[in-house]
Amino acid sequence: MSICRQYLLVAKEAKSDDLRSALILLTREVKRLDGCEGLDIYQDADAATQFPFIEHWTSLHAHRSAGERLSKDVFAAVRPQSVRRRRAVISLPLPFEPSSPAARCPNLHGCA
Numbered sequence: 002m003s004i005c006r007q008y009l010l011v012a013k014e015a016k017s018d019d020l021r022s023a024l025i026l027l028t029r030e031v032k033r034l035d036g037c038e039g040l041d042i043y044q045d046a047d048a049a050t051q052f053p054f055i056e057h058w059t060s061l062h063a064h065r066s067a068g069e070r071l072s073k074d075v076f077a078a079v080r081p082q083s084v085r086r087r088r089a090v091i092s093l094p095l096p097f098e099p100s101s102p103a104a105r106c107p108n109l110h111g112c113a
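The C-terminal position of the sequence shown is numbered 113 in this note's numbering, with every residue numbered one higher than the one before it.
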């Protein structure tokens, strides 16, 4: 079962640009690991020092074993720029019914 790992990283004062650059480099390394289905990185529109970082993995095992294979050197550029990792959450997908009418209705112009 696929999982999603979410982090919220906070840049030190005047280090937002440096943290952004370091995270972009980190994503290149993580994407190469077996089991990584993709990564999303954002910069908060209201708080430019905050960077939500989301990893998508084929399984919890893939995530954990990738962490063991990833060189600690790849984090060397991130740590000096970041105050702390404010939140780290592993999430499992839940089955759900689409909530928007457009997603439920095959009629593209809305449900009759």
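Backbone N, C-alpha and C fix where the C-beta goes; we use that ideal spot for every residue, glycine too.
The structure displayed is predicted, hence computed values, not measured ones.
Inter-residue Cα distance where the pair is ARG105 and ARG33: Legend: pLDDT at ARG105 = 48, less than 50; position of this residue unreliable, no value from coordinates given.
Does ARG105 come out as helix, strand or coil in the three-state DSSP assignment? With a pLDDT of only 48 at ARG105, under the threshold of 50, the placement of this residue in the model should not be trusted, and no figure is reported.
Does the distance from the CB of GLY39 to the CB of GLU14 come in under 9 Å? no
Range covered by the beta strand (DSSP E) that runs through ARG78: Here the sequence assigns Ala to residue 78, which means Arg is not the residue at that position. Here ALA78 belongs to no beta strand (DSSP E), and DSSP marks it neither H nor E.
C-alpha gap between VAL31 and HIS62, whole angstroms: 15 Å
Counterpart residues of ALA89 in DSSP-defined beta bridges: TYR8, per the DSSP bridge assignment.
GLN44 in three-state terms, based on DSSP: coil
What is the C-beta distance between PRO51 and LEU9, in whole angstroms, given that I count them as a contact (C-beta under 8 Å)? Correcting the residue identity first, residue 51 is Gln in this sequence and not Pro. Confirmed, Cβ separation roughly 6 Å.
Taking only three categories from DSSP, how would you classify ALA113? For ALA113, the predicted structure reports a pLDDT of 41, less than 50, and the residue's modelled location is therefore unreliable. A value from the coordinates is still provided. Coil.
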